[in-house]
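Chains as they are written, first to last, in the working numbering: chain A, 1 to 231; chain B, 232 to 462.
C-beta: ideal position from N, C-alpha, C; glycine also.
Notes follow once the structure below has been shown.
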DNA sequence: ATAAGTATCTTACCGTTGGTTAGATACTTA
DNA sequence: TAAGTATCTAACCAACGGTAAGATACTTAT
């Protein structure tokens with residue numbers, strides 16, 4: 001019944017001659033992206049778990065049934081929001097990495113950017129990892145959006161290995177360990193028992209600093225702790 | 232209106248003479264714990280985000296309004312489920328630690344137990360870290376239930392430090408780093424991009440093994456990797 | 001024992017939600 | 001300009017969280 005409608009209307013904003021870009025005529029123009037944007041805005045006031053499709057449609061100024069011409073499902077709308085947020089996160093981490101400093105400093109800035117994104121956009125961050133976006137039958141789009149960030153991390157690890165700064169382990173596995181550490185720290189800070197420690201900017205930086213240092217240097221006594229990185 | 236009712240009826244199962252322990256009379260006996268138990272069972276078939284108070288009451292054989300005499304809120308019921316699950320997790324990790332082997336082996340078994348609990352009870356694990364259980368006004372009970380596990384981890388770290396196996400850093404911070412790593416790995420495995428890698432028992436063990444090793448030994452080239460732990 | 005008081009449960013109701021269907025409106029294209 | 005199609009609204013449904021009023025049973029004082 002409604003199979004290929006989403007694709008056919010995806011990116012077609014300024015094709016025909018409309019009076020205003022935000023045309024308020026019967027047909028909206030690009031309701032799909034407008035709904036995603038509206039969802040991000042509604043998300044700022046509503047919990048991620050209680051995000052209502054009807055509230056999003058209300059915010060966009062359309063009836064809730066209109067949304068079903070652009071998204072198969074409420075979950076599909078949420079998935080689109082998640083992909084949008086993933087792209088934003090990927091952009092933020094890349095931007096942090098491409099700033100000045102040594103290779104290791106830029107890497108650490110990238111690590112911090114991941115957590116800072118979670119702290120600055122907690123609702124979006126929660127959406128990105130909602131269980132129903134994975135367990136559902138086919139949701140490969142969200143998966144690929146998430147994997148892009150992972151692949152970038154792998155490339156950073158490889159660069160660090162080529163510069164002889166990181167052990168020559170499987171970069172894929174190192175990236176996973178790194179991601180797990182960052183992701184765990186972020187979720188514990190926004191939804192877990194660390195959310196009290198993360199209230200002040202000082203507390204956040206300390207948490208990020210010590211955790212990444214522990215991963216970088218190890219916590220076993222047999223591993224030495226050089227001071228060249230305490231910076 | 233309903234302030235001290237929950238406390239007054241908490242633990243009073245076999246006080247008066249009832250014919251059967253699972254008395255199906257008008258008054259239930261201990262509906263509160265029955266609802267928590269029912270919620271855990273319903274949770275096995277329903278997603279954690281879509282857990283319905285009415286379905287839980289239905290499963291327990293009572294009307295949904297009856298639940299409101301034992302829980303202020305749907306969130307309060309979920310909080311009780313989370314506390315129940317936290318206690319189960321704490322018990323599992325302690326049990327893993329108290330098994331045979333060296334101190335480090337027992338510690339690593341405890342780390343693995345955390346992730347295995349998440350993999351074996353993903354729905355309960357998700358409930359434990361639902362955002363609404365933290366951001367809500369006063370939900371200190373869930374917090375303390377979660378903190379108990381953390382404090383136990385701190386004590387394990389301290390034991391490792393006394394045995395000269397772990398650097399003499401602040402044990403609190405080390406425990407946080409450890410928890411972040413384990414928690415991140417667990418969530419990425421059940422709700423994140425690693426859930427494909429975690430389908431086989433082999434894949435899970437490899438993920439746990441390499442990640443904990445990375446944290447224990449560090450990934451920087453300046454840190455050495457002793458083989459006494461590769462086991 | 002009995003009556004009053006209280007805790008717990010059911011039934012009935014409310015507004016909101018996710019989702020579907022039928023019909024209205026506008027864009028597209030021949 | 002007419003037919004066809006995409007997109008929207010209005011109306012409807014079942015299920016949900018939550019509340020209020022009344023039914024039932026346990027408790028306790030007398």
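> Any chance the segment 171-186 of chain A sits against the segment 413-429 of chain B, with 3 or more Cβ pairs inside 8 Å?
Replying inline: yes
> When the Cα atoms are used, what is the spatial distance from residue 199/A to residue 383/B?
Replying inline: By one-based count along the first chain, residue 199/A stands at place 199. By one-based count along the second chain, residue 383/B stands at place 152. Going by the C-alpha atoms only, they are around 24 Å apart.
> Going along chain B, which residues have a C-beta under 9 Å from residue 181/A?
Replying inline: Numbered from 1 along the first chain, position 181 holds the residue referred to as residue 181/A. Ordered by position in chain B, the residues that pass the 9 Å Cβ test against residue 181/A are 408, 411, 412, 415, 416, 442, 445 and 446.
>> So if I threshold CB-CB distances at 9 Å, which residues from the segment 422-433 of chain B count as touching chain A?
In response: 422, 423, 424, 425, 426, 427 and 428
>> When you compare the CB of residue 402/B with every CB in chain A, is at least one pair closer than 8 Å?
In response: Along the second chain, one-based indexing puts residue 402/B at 171. Chain A, which has no Cβ nearer than 8 Å to the Cβ of residue 402/B, makes this no.
> Counting Cβ pairs, one atom from each stretch, are 3 or more of them under 8 Å apart for the segment 38-46 of chain A and the segment 113-124 of chain A?
Replying inline: yes
> Taking buried to mean at least 16 other C-beta atoms within 10 Å of its own C-beta, is residue 32/A buried or exposed?
Replying inline: As a position in the first chain, residue 32/A is number 32, starting the count at 1. Buried: at least 16 other Cβ atoms inside 10 Å.
>> Could you tell me the alpha carbon to alpha carbon distance between residue 289/B and residue 313/B, rounded to whole angstroms?
In response: Locating residue 289/B in the second chain gives position 58, counting from the first residue. Locating residue 313/B in the second chain gives position 82, counting from the first residue. The alpha-carbon atoms of residue 289/B and residue 313/B are separated by roughly 20 Å.
> Do you know offhand how far residue 106/A's Cα is from residue 292/B's?
Replying inline: For the purposes of this step, residue 106/A is taken as the residue at position 106 of the first chain. For the purposes of this step, residue 292/B is taken as the residue at position 61 of the second chain. For residue 106/A and residue 292/B, the distance between alpha carbons rounds to 59 Å.
> Which of helix, strand or coil does DSSP assign to residue 398/B?
Replying inline: Numbered from its first residue, the second chain carries residue 398/B at position 167. The answer is coil: DSSP assigns residue 398/B none of H, G, I, E or B.
>> Measuring straight from C-alpha to C-alpha, what distance separates residue 260/B and residue 298/B?
In response: The residue you call residue 260/B lines up with position 29 of the second chain. The residue you call residue 298/B lines up with position 67 of the second chain. Going from the Cα of residue 260/B to the Cα of residue 298/B covers about 13 Å.
> Looking at the C-beta of residue 450/B, does it have a partner C-beta in chain A at a distance below 8 Å?
Replying inline: Sequence index remark: in the second chain, residue 450/B carries index 219 (1-based). Output row for residue 450/B: interface = yes.
> Mind checking residue 245/B: buried by the 16 CB within 10 Å criterion, or exposed?
Replying inline: One-based indexing of the second chain puts residue 245/B at position 14. Residue placement at residue 245/B is poorly supported in this model, since its pLDDT is 32, which falls under 50; the coordinates still yield a value, given next. Per the 10 Å Cβ criterion, exposed.
> Shorter than 8 Å from the beta carbon of residue 150/A to some beta carbon of chain B?
Replying inline: Along the first chain, one-based indexing puts residue 150/A at 150. By this cut-off, residue 150/A is an interface position.
> Which residue spans inside the segment 107-139 of chain A form an unbroken alpha helix (DSSP H) run of at least 4?
Replying inline: 122-128 and 132-135
> Is there a Cβ from chain A that is less than 8 Å from the Cβ of residue 332/B?
Replying inline: For the purposes of this step, residue 332/B is taken as residue 101 along the second chain, with counting starting at 1. No, no contact with chain A.
>> DSSP three-state label for residue 94/A, please.
In response: Within the first chain, the letter at position 94 stands for residue 94/A. The answer is helix: DSSP assigns residue 94/A an H, G or I state.
> Excluding sequence positions up to five away, which residues of its chain have a Cβ less than 6 Å from the Cβ of residue 252/B?
Replying inline: Taking the first residue of the second chain as position 1, residue 252/B is located at position 21. No answer about residue 252/B holds up, because its pLDDT of 36 lies below 50 and its placement is not dependable.
> Since residue 182/A and residue 114/A are thought to touch, with beta carbons under 8 Å apart, how far apart are those beta carbons, to the nearest angstrom?
Replying inline: Taking the first chain and counting its residues from 1, the one referred to as residue 182/A is at position 182. Taking the first chain and counting its residues from 1, the one referred to as residue 114/A is at position 114. That belief holds up - the Cβ atoms of residue 182/A and residue 114/A are roughly 5 Å apart, short of 8 Å.
> Which word fits residue 349/B, buried or exposed, when buried means at least 16 other C-beta atoms lie within 10 angstroms of its C-beta?
Replying inline: As a working note, residue 349/B is residue 118 in the second chain. Its Cβ being crowded by 16 or more others within 10 Å, residue 349/B is buried.
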